[in-house]
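Working notes for the structure below.
Protein chains: 2
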Amino acid sequence: MSVTVITEHYPAFMARWEADSRGRLERAALELYGERGFEATTVAEIAARAGVTERTFFRHFTDKREVLFAGSARLQELLVTAVANAPDTATPIDAVAVAIDAAGALLNERRDAARQRGAVIAANAELRERELIKLATLAAALTTALHARGVTEPAASLSAEAGIAVFRVAVERWFTDPDTSDLVAVIHESFAELKAVTAGK
Amino acid sequence: MSVTVITEHYPAFMARWEADSRGRLERAALELYGERGFEATTVAEIAARAGVTERTFFRHFTDKREVLFAGSARLQELLVTAVANAPDTATPIDAVAVAIDAAGALLNERRDAARQRGAVIAANAELRERELIKLATLAAALTTALHARGVTEPAASLSAEAGIAVFRVAVERWFTDPDTSDLVAVIHESFAELKAVTAGK
Numbered sequence: 001m002s003v004t005v006i007t008e009h010y011p012a013f014m015a016r017w018e019a020d021s022r023g024r025l026e027r028a029a030l031e032l033y034g035e036r037g038f039e040a041t042t043v044a045e046i047a048a049r050a051g052v053t054e055r056t057f058f059r060h061f062t063d064k065r066e067v068l069f070a071g072s073a074r075l076q077e078l079l080v081t082a083v084a085n086a087p088d089t090a091t092p093i094d095a096v097a098v099a100i101d102a103a104g105a106l107l108n109e110r111r112d113a114a115r116q117r118g119a120v121i122a123a124n125a126e127l128r129e130r131e132l133i134k135l136a137t138l139a140a141a142l143t144t145a146l147h148a149r150g151v152t153e154p155a156a157s158l159s160a161e162a163g164i165a166v167f168r169v170a171v172e173r174w175f176t177d178p179d180t181s182d183l184v185a186v187i188h189e190s191f192a193e194l195k196a197v198t199a200g201k
Numbered sequence: 202m203s204v205t206v207i208t209e210h211y212p213a214f215m216a217r218w219e220a221d222s223r224g225r226l227e228r229a230a231l232e233l234y235g236e237r238g239f240e241a242t243t244v245a246e247i248a249a250r251a252g253v254t255e256r257t258f259f260r261h262f263t264d265k266r267e268v269l270f271a272g273s274a275r276l277q278e279l280l281v282t283a284v285a286n287a288p289d290t291a292t293p294i295d296a297v298a299v300a301i302d303a304a305g306a307l308l309n310e311r312r313d314a315a316r317q318r319g320a321v322i323a324a325n326a327e328l329r330e331r332e333l334i335k336l337a338t339l340a341a342a343l344t345t346a347l348h349a350r351g352v353t354e355p356a357a358s359l360s361a362e363a364g365i366a367v368f369r370v371a372v373e374r375w376f377t378d379p380d381t382s383d384l385v386a387v388i389h390e391s392f393a394e395l396k397a398v399t400a401g402k
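Those protein sequences? They're chains A and B, same order as listed.
Our numbering applies: residue 1 is where the first sequence begins, and numbers increase by one.
Our numbering applies: residue 202 is where the second sequence begins, and numbers increase by one.
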């Protein structure tokens with residue numbers, strides 16, 4: 001490629017490079033957390049590996065912990081929307097199941113990143129606590145979304161908590177069991193298991 | 202009562218006073234947290250209201266937060282023992298239900314303190330997070346106790362998570378609904394509701 005061609009394409013290239021800086025920061029952070037641990041990694045190192053400045057890092061994330069948890073806002077929106085859009089005839093647990101399926105489909109697309117993230121969190125007590133809090137927040141959001149469908153207590157809370165329990169257990173199995181590749185399939189099996197378990201089987 | 206009688210009984214009185222200093226510290230702390238908030242209360246104030254020194258406070262508790270969470274070790278032991286002692290024929294969810302019932306019976310005896318504690322925790326974000334972590338720890342302990350009975354995954358995790366979800370929802374209802382006085386009865390209703398909900402009703 002001649003210098004002229006590069007120069008001509010430079011603005012477009014730079015725009016794309018800029019647009020993906022968030023994605024590159026995420027990938028760089030996950031790599032570094034995996035290599036040297038979450039605690040030992042600095043924002044400067046993440047920015048350097050992603051090829052951006054620290055200033056760019058802080059345009060996207062509050063701190064290095066936020067890189068791991070920024071996705072949960074999107075997950076929450078997805079869950080709440082799925083519950084809201086479930087057919088009127090869906091029972092509370094069906095509405096929750098549709099939402100958990102949607103979350104599973106989202107993670108399926110990002111399997112490697114999800115696994116790297118899971119390993120980083122599992123290795124750090126403070127991150128494990130943060131993850132629990134985020135999952136509890138998701139359960140609370142699901143409960144509110146069920147209330148909006150007219151589901152009363154305790155059915156709303158129990159359906160939401162059951163759904164999040166299934167999600168946690170399924171993701172854990174998907175992380176550790178090499179025979180599982182489709183998270184949505186693991187979620188379906190886990191819902192069936194929950195049904196069997198609560199029926200006293 | 203003559204001075205002689207008091208003097209004669211003094212050692213016994215002092216021994217009892219000392220023995221209950223932990224209980225008095227707990228009651229004093231809950232009162233103060235309720236009156237002026239958890240953040241604004243100092244260890245010195247708790248000790249003064251309980252009629253003991255700060256040194257005595259620190260013989261019983263690491264810090265003022267620990268007063269609220271020290272009971273969870275006893276709760277965990279109770280849950281684990283109940284699961285271990287459940288009949289061999291009990292299904293996983295039955296073993297968990299027996300354990301949650303035992304926890305409910307324990308809280309029933311301490312209704313006022315449990316409610317005061319619940320109100321203090323509800324009013325403080327950091328305490329709510331700590332409570333979530335304690336509940337997750339209880340779920341993990343129940344899971345391990347089920348593994349020891351030979352229950353495999355995902356049945357063990359799902360039964361344990363379902364049991365803790367029922368416990369949370371039942372305690373919440375017991376706190377807020379003036380018509381409920383027996384926590385064990387509320388737990389039974391919540392288990393029945395979970396069963397109905399997961400069956401898709």
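Every residue gets a Cβ at the ideal spot worked out from N, C-alpha and C, and that includes glycine.
Burial state of residue 293(B), where buried means 16 or more other Cβ atoms lie within 10 Å
Answer is buried; the Cβ neighbour count reaches 16.
Would you tell me roughly how many angstroms separate the C-alpha atoms of residue 399(B) and residue 327(B), rounded to the nearest one?
The straight-line gap separating the alpha-carbon atoms of residue 399(B) and residue 327(B) is approximately 32 Å.
Could you tell me the distance, in whole angstroms, from the CA atom of residue 352(B) to the CA atom of residue 290(B)?
Going from the Cα of residue 352(B) to the Cα of residue 290(B) covers about 12 Å.
Would you say residue 22(A) faces chain B, with C-beta separation under 8 Å as the test?
Among the CB atoms of chain B, none fall inside 8 Å of the CB of residue 22(A).
Under the rule that 16 or more other beta-carbon atoms within 10 Å means buried, what is residue 181(A), buried or exposed?
By the Cβ-count criterion, residue 181(A) is exposed, with fewer than 16 other Cβ atoms from all chains shown falling within 10 Å of its own Cβ.
Measure the C-alpha to C-alpha separation of residue 143(B) and residue 395(B) and round it to an integer number of angstroms.
Residue coverage of chain B in this structure runs from 202 to 402, which leaves residue 143(B) outside it and unanswerable.
Determine the burial state of residue 340(B): buried for a count of at least 16 other Cβ atoms within 10 Å of its Cβ, exposed for fewer.
Around the beta carbon of residue 340(B), 16 or more other beta carbons sit within 10 angstroms, so the residue counts as buried.
Buried or exposed: where does residue 178(A) fall if 16 or more other Cβ atoms within 10 Å of its Cβ makes it buried?
Answer is exposed; the Cβ neighbour count stays below 16.
With a 10 Å radius around its C-beta and 16 neighbouring C-beta atoms as the bar for buried, classify residue 401(B) as buried or exposed.
When all chains shown are included, residue 401(B) counts as exposed.
Helix, strand or coil at residue 310(B) according to DSSP, with G and I counted as helix
Residue state, collapsed to three classes: coil.
Can you tell me which of the three DSSP states residue 153(A) falls into?
Three-state result, residue 153(A): coil.
CB contact check: residue 402(B) to chain A, cutoff 8 Å
Yes, because at least one Cβ of chain A sits closer than 8 Å to the Cβ of residue 402(B).
Under 6 Å Cβ to Cβ from residue 98(A), same chain only, skipping five residues before and after it: list those, please.
Only 82, 86 meet the Cβ criterion.
Residues of chain A with CB closer than 7 Å to the CB of residue 335(B), please, in chain order.
Close partners of residue 335(B) in chain A (Cβ separation under 7 Å) are lacking, with about 10 Å as the shortest Cβ gap.
Taking the alpha-carbon positions, what's the residue 131(A) to residue 333(B) distance?
Distance between the alpha carbons of residue 131(A) and residue 333(B) is about 11 Å.
Less than 8 Å between the beta carbons of residue 114(A) and residue 184(A), yes or no?
No, they are not a contact pair.
How long is the line joining the alpha carbons of residue 393(B) and residue 311(B), rounded to whole angstroms?
Taking the straight line from one Cα to the other gives about 25 Å.
Check whether chain A comes within 8 Å of residue 294(B), counting only Cβ atoms and requiring the distance to be less than that.
For residue 294(B), a Cβ of chain A is located within less than 8 Å of the residue's own Cβ.
Alpha helix (DSSP H) runs wholly inside the region 349-395 of chain B, at least 4 long, in chain order:
Residue ranges of uninterrupted alpha helix (DSSP H) with 4 or more members, entirely inside the region 349-395 of chain B and ordered along the chain, are 356-377.
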